[in-house]
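Undergrad: Handing you this structure, nothing more for now.
There are 2 protein chains.
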Amino acid sequence: MENEALEVIYTRRSVRSFTGEAISRESLMKILKAGMAAPSARNIQPWAFVAVTERGPLDSLCERLPYAKMLDKAGAAIIVCGLPGKDAVSVGQYKDAIGGKYWVLDCSAAAENILLACHAMGFGAVWTAAYPNEDRMAVVRDVIGVPEDVMPLAVIPIGVPRDKGKVTDKFKEANIHWDRW
Amino acid sequence: MENEALEVIYTRRSVRSFTGEAISRESLMKILKAGMAAPSARNIQPWAFVAVTERGPLDSLCERLPYAKMLDKAGAAIIVCGLPGKDAVSVGQYKDAIGGKYWVLDCSAAAENILLACHAMGFGAVWTAAYPNEDRMAVVRDVIGVPEDVMPLAVIPIGVPRDKGKVTDKFKEANIHWDRW
Numbered sequence: 001m002e003n004e005a006l007e008v009i010y011t012r013r014s015v016r017s018f019t020g021e022a023i024s025r026e027s028l029m030k031i032l033k034a035g036m037a038a039p040s041a042r043n044i045q046p047w048a049f050v051a052v053t054e055r056g057p058l059d060s061l062c063e064r065l066p067y068a069k070m071l072d073k074a075g076a077a078i079i080v081c082g083l084p085g086k087d088a089v090s091v092g093q094y095k096d097a098i099g100g101k102y103w104v105l106d107c108s109a110a111a112e113n114i115l116l117a118c119h120a121m122g123f124g125a126v127w128t129a130a131y132p133n134e135d136r137m138a139v140v141r142d143v144i145g146v147p148e149d150v151m152p153l154a155v156i157p158i159g160v161p162r163d164k165g166k167v168t169d170k171f172k173e174a175n176i177h178w179d180r181w
Numbered sequence: 182m183e184n185e186a187l188e189v190i191y192t193r194r195s196v197r198s199f200t201g202e203a204i205s206r207e208s209l210m211k212i213l214k215a216g217m218a219a220p221s222a223r224n225i226q227p228w229a230f231v232a233v234t235e236r237g238p239l240d241s242l243c244e245r246l247p248y249a250k251m252l253d254k255a256g257a258a259i260i261v262c263g264l265p266g267k268d269a270v271s272v273g274q275y276k277d278a279i280g281g282k283y284w285v286l287d288c289s290a291a292a293e294n295i296l297l298a299c300h301a302m303g304f305g306a307v308w309t310a311a312y313p314n315e316d317r318m319a320v321v322r323d324v325i326g327v328p329e330d331v332m333p334l335a336v337i338p339i340g341v342p343r344d345k346g347k348v349t350d351k352f353k354e355a356n357i358h359w360d361r362w
């Protein structure tokens, strides 16, 4: 188990060029299951996911989001949404907890699981940020009908990669401190 | 590749009970490489990592952090730190970017990669939050010597799991919306 899972983590890359092939609902469910397997503070799971497979909304997002042009050939997209309300409601139970802040961390972990699951299944994907950019969040809300109290964190185009691409090794020993900074 | 990597994602759990065995530096390097393989906004990689293996700092963190008591039997800990300065410095180049905010998302993705790598290698780990809690961040800064402009996001105790534990399936179909909210 060790080598293959580590290899998936090490070789994941941002894929921005797709063939245009559709992604099945069955595959999307496996990918979404990976998202929901992420950890969350106090196991609140302050997230929801919009799986977009229809050309209409994919094309609208493509047109109106500045950094999501690769949606034109994506087979689907997953929008990772945060639920600050769910996060905040729970907070009263914890004397030192901080209201409505952990959802950003939790949803980012879920987004990374989604990217890894795509790669593990042979698909390509890329994290395009909505949060914390208010303009982009407004576009997603408008196109998808996301309510005001739900935070679109990331729009993740998913597709069959058009080429093999190149993995860059980002390991830097200088980023590591041992025992003390 | 598909099944084993997905299985690792699906079966990762928060492990809080360790045998006390040490974790080798070689294993920690593999785990840290997984952290650095995470995506980051504009590939800024606004992160640094403190790998703690000595009992002195592990015991101090154990004593002073309220939710990190499992450090007493952990073989090591990795502290994921954010570098908002690195993030913010780059921001001037991007007209719609938002200064110093993406590091939280990027470091959360790195933290999730670390948790998954631990599980893939047979170790257990758990995300204990420092950021955004100022008190806990101050403890980490004091014990480890982390500078004021570096943000300790998570303290991740790592060890050999004391028992097999139980994986909970967090998949909920109600969390999924298709095409529209």
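Keeping their order, the protein sequence lines are chains A and B. Under the working numbering, the residue at position 169 of the first sequence is numbered 169, and the numbers go up by one with no gaps. Remember, the working numbering sits 181 above the position in the second sequence when you count from 1. A virtual CB, placed ideally from N, CA and C, is assigned to each residue, including glycine.
Chain A partners of V395/B, CB-CB under 7 Å?
TA: Summary: the structure shown does not reach residue 395/B, with chain B confined to residues 182 through 362, and so no result is reported for it.
Undergrad: Using a beta-carbon distance below 7 Å, is F123/A in contact with chain B?
TA: Taking the first sequence and counting its residues from 1, the one referred to as residue 123/A is at position 123. Not an interface residue.
Undergrad: I'd like to know whether the C-beta of I98/A is nearer than 7 Å to at least one C-beta of chain B.
TA: The residue labelled residue 98/A in the question sits at position 98 within the first sequence. Bear in mind that the predicted position of I98/A carries a pLDDT of just 47, short of 50, making it unreliable; the figure below should be weighed with that in mind. Yes, I98/A lies at the interface with chain B (some Cβ there is under 7 Å from its Cβ).
Undergrad: Cα separation between N184/B and C118/A?
TA: Translated into the one-based positions of the second sequence, residue 184/B becomes position 3. Translated into the one-based positions of the first sequence, residue 118/A becomes position 118. Taking the straight line joining both Cα atoms gives about 12 Å.
Undergrad: I'd like to know whether the C-beta of E54/A is nearer than 7 Å to at least one C-beta of chain B.
TA: Along the first sequence, read from residue 1 onward, the residue named residue 54/A stands at position 54. Taking Cβ atoms only, chain B reaches closer than 7 Å to E54/A, which makes this a yes.
Undergrad: Would W47/A be called buried (16 or more neighbouring beta carbons within 10 Å of its own) or exposed?
TA: Along the first sequence, read from residue 1 onward, the residue named residue 47/A stands at position 47. W47/A comes out buried.
Undergrad: Give me the residue from V341/B, G216/B, E354/B with the minimum Cα distance to L116/A.
TA: In the first sequence, counting from the first residue as 1, residue 116/A sits at position 116. Comparing Cα-Cα distances from L116/A to each of V341/B, G216/B, E354/B, the minimum goes to G216/B.
Undergrad: Which runs of the alpha helix (DSSP H) at least 4 residues long sit entirely within the segment 117-174 of chain A? Give them in chain order.
TA: Complete alpha helix (DSSP H) runs here, min 4: 134-144.
Undergrad: Just checking, does the segment 55-67 of chain A make contact with the segment 21-36 of chain A on the three C-beta pairs under 8 Å criterion?
TA: No, because fewer than three Cβ pairs between the segment 55-67 of chain A and the segment 21-36 of chain A fall closer than 8 Å, the two stretches do not touch.
Undergrad: Taking a contact to mean a Cβ-Cβ separation below 7 Å, would you say I259/B touches I337/B in this structure?
TA: For the purposes of this step, residue 259/B is taken as residue 78 along the second sequence, with counting starting at 1. For the purposes of this step, residue 337/B is taken as residue 156 along the second sequence, with counting starting at 1. Yes, these two residues count as a Cβ contact at 7 Å.
Undergrad: Just how far apart, CA to CA, sit A355/B and A292/B?
TA: The residue labelled residue 355/B in the question sits at position 174 within the second sequence. The residue labelled residue 292/B in the question sits at position 111 within the second sequence. Distance between the alpha carbons of A355/B and A292/B is about 27 Å.
Undergrad: So, are the CB atoms of L187/B and A109/A less than 7 Å apart?
TA: Locating residue 187/B in the second sequence gives position 6, where the first residue counts as 1. Locating residue 109/A in the first sequence gives position 109, where the first residue counts as 1. No, the Cβ-Cβ distance between L187/B and A109/A is not below 7 Å.
Undergrad: In chain order, what residues of the segment 194-223 of chain B put their CB closer than 7 Å to some CB of chain A?
TA: Answer in chain order: S195, K211, L213, K214, A215, M217, A218, A219, P220, A222.
Undergrad: Taking the straight line between their C-alpha atoms, what separation do you get for A249/B and V233/B?
TA: The residue labelled residue 249/B in the question sits at position 68 within the second sequence. The residue labelled residue 233/B in the question sits at position 52 within the second sequence. Distance between the alpha carbons of A249/B and V233/B is about 14 Å.
Undergrad: Under a three-way DSSP split, which group does A278/B fall into?
TA: The residue labelled residue 278/B in the question sits at position 97 within the second sequence. Per-residue confidence for A278/B stands at a pLDDT of 44, beneath the threshold of 50, marking its modelled position as unreliable; the derived number appears in the next sentence. Here A278/B sits in coil by DSSP.
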